[in-house]
Amino acid sequence: MAGKALALASLAAWALATPALAAEELVKPQQLMVDSSLPKAVADAAVLAARRYDTFWATGDKTLALKALAPDFMDRTLPPHRPQGIAGPLAASQGFRQAVPDLDCTVEQMLVVADRVVAHLHFTGHFTGQFNGVQGEGQAIDFIATDIYRVADGVIKENWHIEDNLTLLTQMGVVK
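With mature numbering (1 follows the signal peptide of the UniProt record, and there is no 0) applied, the sequence shown covers -22 to -1, 1 to 154.
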């Protein structure tokens, strides 16, 4: 009986330690502002979807993106050559992580209003891989991005985003 209880306790501990299952393992916004007129369940679902997606950018864990994004997800500011839909962010993350393997993402602030979540993101890491034919030499990477998510039924249906690409590309030495 004690062995079974220990096994169940171990399984529970594992489940709670798995980022996709434990909200406490998701990135936490440094500031979270939620419209008080939203029903709590709606606001909580929007925040959870956003935190899953932002944690995907922090970790590269595609299971989090798959949980956060709707099957018919649309990128409304789709960069050239990036596939539309869920495949787009998955490819972007994989490609960027090859250039910056230690990429991290913090959420400086998150605002939740109506069916929108605005996330101000801060990316850091070191450029040690390759990007657009340029080999990294360990340069520090430190840039920001802002995303606007439209959330419905607990998943992100649409995303509008802007990244400080000039800072990023200058740090990488791609732009002088």
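Glycine is no exception: its CB is placed at the ideal position from the N, C-alpha and C atoms.
How close, in whole Å, do the beta carbons of Ala27 and Ile134 come, if the pair is a contact with beta carbons under 8 Å?
5 Å
Are Gly151 and Val112 touching if we call contact CB-CB under 8 Å?
yes
Note down, in chain order, each residue of its chain lying with its Cβ closer than 8 Å to the Cβ of Ala1, except the 5 sequence neighbours on either side.
Residue confidence is low: Ala1 scores 48 on pLDDT, short of 50, so the model does not pin down where it sits. Its coordinate-derived value is still stated next. Once the five neighbours on either side are set aside, the close Cβ partners of Ala1 are Leu26 and Arg29.
Which same chain residues end up closer than 8 Å to Val153 when comparing Cβ atoms and leaving out the 5 residues on each side of it in sequence?
Leu144 and Leu147
Is the beta carbon of Gln76 closer than 8 Å to that of Gly107?
yes
How is the beta strand (DSSP E) around Asn137 delimited, first residue to last?
Val133 to Glu141
First and last residue of the uninterrupted alpha helix (DSSP H) at Pro67
Ala65 to Ala77
Residue from Val20, Ile126, Pro79 and Gln87 with nearest C-alpha to His104:
Pro79
Here's the rule: buried if 16 or more other CB atoms are within 10 angstroms of the residue's CB, otherwise exposed. What is Thr55?
exposed
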